[in-house]
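Visitor:
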Amino acid sequence: MARITLSDGQSRFLFWLIVVIFGVAIALLSWNIYLKFQLKNVKVEIVEIKPVEIKIPEEIEASISLTPPPTPLLVEFEEFDYEKLRDEMANFVSEDQVVSSFVVKKEDALRIIRRSGLPYLISPVSTDTYSVVLLGEFEDFSQIAQRSLYGVFVITTLSESLSKELAYDLRVAGYPSYVYAFQKLDKKYYSVVVGAFPTLRLAEEYFEKLNWEDIMKRVKVNRPGYAGRLISP
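Per this note's numbering, residue 837 is the first one in the sequence shown, and the count goes up by one each step.
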């Protein structure tokens, strides 16, 4: 079997290679031992970090409130109610008042009253027809307004308070009554009037329908009144 021989140079190279490898191994082993020794001396502390608290001022908290959703819009449809409209009508009319008079069906009567927004007088003409007299100027598409006012005079006095009291009593009893004020011969008169119409004919027809026995008892007069003119254009 042939022997492998090394030259002097090769032998020295191999020797130093072994020395280097051995030295590296010793160094690595020493470093490993050193690290283990250092780790034993390391004190590990676990620090708990609390979450950051954001304080909201009370004023801001109060303002951050949930607004409830708006309720749906409620649309109310008003039905014609003569008694209600009669009780809510005007109590006083003067001779210099400008009026707008209409004779219409009850649906149009309610529409004209609400659309105008003016004080008014209302009186029945027939079962479903009414006279509406607005105290003020107003035009409606259904017909041309008349500028006159007629009614049934019940009693005329010089006392405004007495006339208002009598008119109130008749209104409570179901009559469309009010006070009409006018001046004559330097004196101021106050008449208790029932009904409001644009023509004398309608006022006379209403006069015939009234219960004069009941009216005379309430007002304490001895005879019926009369249909007449209050305001003319």
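Glycine included, each C-beta is placed from N, C-alpha and C at the ideal position.
Predicted model only: the values in this text are computed from it and were never measured.
#1: So, at 6 angstroms on beta carbons, what are the nonlocal neighbours of T993 in its own chain, with the 5 sequence-adjacent residues on each side left out?
#2: When burial is assigned at 16 or more other CB atoms within 10 Å of the CB, is F977 buried or exposed?
#3: So, for F849: in the same chain, excluding its five sequence neighbours on each side, which residues have a beta-carbon less than 8 angstroms away from its beta-carbon?
#4: A926 and L985: beta carbons closer than 8 angstroms?
#5: Using a threshold of 8 angstroms, state whether the C-beta atoms of L971 and V935 are closer than that.
#6: Leaving aside the five residues before and after D944 along the sequence, list all residues of the same chain whose C-beta is less than 7 angstroms from its C-beta, in chain order.
#7: Give the straight-line distance between the Cα atoms of V1030 and G987, rounded to the nearest whole angstrom.
#8: Does R1059 have its Cβ less than 8 angstroms from a Cβ in chain C?
#9: Three-state secondary structure (DSSP) at R1065?
#10: From the DSSP secondary-structure annotation, give me the bridge partner or partners of K942.
#11: To the nearest angstrom, report how far apart A981 and E975 are at their CA atoms.
#12: Taking the alpha helix (DSSP H) that A1003 belongs to, which residues open and close that run?
#13: Since L921 is in the alpha helix (DSSP H), which residue starts that stretch and which ends it?
#14: If we ignore side chains and look at the alpha-carbon of each, how far apart do R1054 and L921 end up?
#15: Return the Cβ separation of D1066 and V929 in integer angstroms, given the expectation that the two are a contact with Cβ distance under 8 angstroms.
#16: Which two residues bound the contiguous alpha helix (DSSP H) that contains F1020?
#17: From E1049 to L1038, what distance separates their C-alpha atoms?
#18: Once DSSP output is grouped into helix, strand and coil, what is the label at A1039?
#19: With distance defined between alpha-carbon atoms, name the residue in E924, L946, S937 nearest to E914.
#20: Ignore the nearest five residues each way along the sequence and tell me which others in E1040's own chain have a CB closer than 6 angstroms to its CB.
#21: Have a look at E996, E1001, L864 and flag the residue whose alpha-carbon is nearest the alpha-carbon of Q1019.
#22: Since K1024 is in the beta strand (DSSP E), which residue starts that stretch and which ends it?
#23: Compare the beta carbon distance of V1028 and A1003 with 8 angstroms and say whether it is the shorter of the two.
Guide: Concretely, from the data shown:
#1: S999, Y1026
#2: exposed
#3: Cβ within range, chain order: n/a, list empty.
#4: No, Cβ-Cβ distance for A926 and L985 is not below 8 angstroms.
#5: For L971 and V935, yes; Cβs fall inside 8 angstroms.
#6: S978
#7: 6 angstroms
#8: This model lacks chain C altogether, as it is built from one protein chain only.
#9: strand
#10: Answer is none; K942 lacks a bridge partner.
#11: 6 angstroms
#12: 996-1008
#13: For L921, the enclosing alpha helix (DSSP H) has its first and last residue at 918-924.
#14: If I take the Cα positions, the gap works out to 22 angstroms.
#15: Here residue 1066 is Leu; the residue named in the question, Asp, does not match the sequence. That belief holds up - the Cβ atoms of L1066 and V929 are roughly 7 angstroms apart, short of 8 angstroms.
#16: Checking the displayed sequence, the identity of residue 1020 turns out to be Lys instead of Phe. Unbroken run through K1020 is the beta strand (DSSP E), 1013-1020; no alpha helix (DSSP H).
#17: 21 angstroms
#18: helix
#19: Of the candidates E924, L946, S937, the one whose C-alpha sits nearest the C-alpha of E914 is L946.
#20: A1063
#21: E996
#22: 1023-1033
#23: One thing to note: V1028 has its Cβ within 8 angstroms of the Cβ of A1003.
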